[in-house]
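In the numbering used here, the protein residues as written are 62 to 344.
Each residue gets a CB set at the ideal place from its N, CA and C atoms; glycine is no exception.
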Amino acid sequence: RAKEQGRNRYCFFEIEMDAALKARRGLEVDLRRALSDGGVHLVYQPQVDTTGQMTGVEALARWAHPTRGLISPATFVPLAEDCGLIEDLGRLVMRQAFADSRRWPGIKVAVNVSALQMRQEDFPSEVAKLLIETGAHPRSIELEITEGALLGDDETTHLAIGRLRAMGFSLALDDFGTGYSSLSYLRRYPIDKIKIDRSFITPLGEDSEAGALVASIVGLAKALNLSVIAEGVETDQQRSQLRDMGCTDAQGFLFSAAVDPEAVDAIVARGGQVKPQDLTAKT
Ligand code: C2E
Ligand code: MG
Ligand code: MG
Ligand code: MG
């Protein structure tokens with residue numbers, strides 16, 4: 062009986078899997094189309110220093126699906142990676158972000174680069190081509206990679222990072238603290254900046270261990286002469302605690318969600334100040 066039930070459950074599972082696979086394949090077709098007809102666009106989230114001055118923006122991809130609405134990059138980036146579309150997506154993102162960077166002199170534009178992209182042999186030369194095409198300056202671009210991209214100490218990645226650094230890009234290690242051997246990566250790769258993952262910032266104030274962890278990451282960054290920025294800052298309390306720890310740069314809903322390029326133009330036009338928002342009033 063149990064066996065029979067098990068088999069039934071298995072069949073049910075198979076049917077569900079089949080439906081899930083079909084849905085996925087459909088989404089894949091839609092993504093391929095979106096990449097060629099402008100369905101994927103960029104928004105930019107401001108990064109600020111202690112004075113509330115915007116020093117950079119992070120480019121974040123958005124997919125406006127014709128029937129499903131806005132789809133999160135947390136869904137479509139892994140999909141693109143799985144179905145061989147990550148290079149197309151990456152190229153689209155870089156082309157747009159590079160072009161937009163010319164609108165905002167003095168503002169760093171951070172671009173997320175997937176681990177798979179980094180492992181493509183021709184990645185640095187693709188990037189070089191896009192620089193020429195867009196006329197962007199590598200000094201105003203920061204490439205964000207995750208520890209996953211460094212995992213395995215891959216030869217291609219080493220070469221790529223060296224070449225990108227030589228071109229003038231700066232490198233940030235995204236989601237810092239969520240990966241495996243962060244400390245050894247910091248020694249082996251020419252990283253400029255650490256982005257402390259939101260999961261460490263959220264519990265700040267409620268949990269003294271979180272405070273100790275963030276303080277030690279900030280200390281580590283200082284000791285290694287790296288810049289450091291906190292991701293996902295949502296409250297004034299988090300911000301002031303970070304400031305007390307010596308982490309001057311922040312990114313998060315307290316200041317601004319990701320906005321369209323025209324809104325970044327407007328911030329730049331009024332001198333770059335981004336005021337903390339009253340998040341409670343918004344909800
Ligand atoms: P990420 O690079 O760590 O980007 C930060 C994510 O946290 C963004 O989500 C941002 O909207 C969100 N966020 C920022 N501030 C706050 C806050 O105060 N509170 C909360 N709860 N969330 C905040 P988003 O845009 O959904 O992107 C998710 C992830 O998708 C990114 O994480 C990044 O890993 C990836 N991604 C986004 N755009 C691209 C892209 O163009 N290429 C690649 N390869 N990956 C991308
Ligand atoms: Mg990022
Ligand atoms: Mg991050
Ligand atoms: Mg994160």
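Check: Complete runs of the beta strand (DSSP E) confined to the segment 257-310 [at least 3 residues]; Outcome: 288-291
Check: Option in 241, 282, 205 and 199 with minimal Cα separation from residue 214; Outcome: 241
Check: Sequence-distant residues of its chain with Cβ nearer than 6 Å to residue 235 (five each side left out); Outcome: 205, 207 and 256
Check: Local Cβ density within 10 Å of residue 166, reported as buried at 16 or more and exposed below that; Outcome: exposed
Check: N-terminal and C-terminal residue of the beta strand (DSSP E) that residue 231 is part of; Outcome: 231-237
Check: N- and C-terminal bounds of the alpha helix (DSSP H) containing residue 152; Outcome: 147-162
Check: Proximity of residue 253 and residue 284 at Cβ, strictly below 8 Å; Outcome: no
Check: Sub-8 Å separation of residue 246 and residue 211 beta-carbons; Outcome: yes
Check: Whole-angstrom distance between residue 89 and residue 184, CA atom to CA atom; Outcome: 23 Å
Check: Segments assigned alpha helix (DSSP H), at least 4 residues, entirely inside the segment 186-232; Outcome: 208-211 and 216-228
Check: Chain-order list of residues whose beta-carbon lies under 7 Å from that of residue 218 (same chain, five-residue window excluded); Outcome: 179, 180, 210 and 211
Check: Helix, strand or coil at residue 112 according to DSSP, with G and I counted as helix; Outcome: coil
Check: Cα-Cα separation, residue 289 to residue 225; Outcome: 20 Å
Check: Secondary structure, alpha helix (DSSP H): runs of 4+ residues fully inside the segment 116-148; Outcome: 134-143
Check: Segment limits, beta strand (DSSP E) that includes residue 171; Outcome: 169-173
Check: For residue 108 and residue 63, the rounded distance between their alpha carbons; Outcome: For residue 63, the predicted structure reports a pLDDT of 49, less than 50, and the residue's modelled location is therefore unreliable. The matter cannot be settled from this model.
Check: Residue 183: CB within 7 Å of a non-hydrogen atom of ligand 2; Outcome: no
Check: Residue 310: CB within 7 Å of a non-hydrogen atom of ligand 3; Outcome: no
Check: Near ligand 2: residue 235 beta-carbon under 7 Å from a heavy atom; Outcome: yes
Check: Straight-line gap, residue 146 to residue 137 (C-alpha atoms, nearest Å); Outcome: 10 Å
Check: Selected residue, minimal CA-CA separation from residue 111, among 188, 305 and 320; Outcome: 305
Check: Contact test: residue 294 Cβ vs ligand 1 heavy atom, cutoff 7 Å; Outcome: yes
Check: Residue 254 in three-state terms, based on DSSP; Outcome: strand
Check: Cβ neighbour criterion (16 or more within 10 Å) applied to residue 91; Outcome: buried
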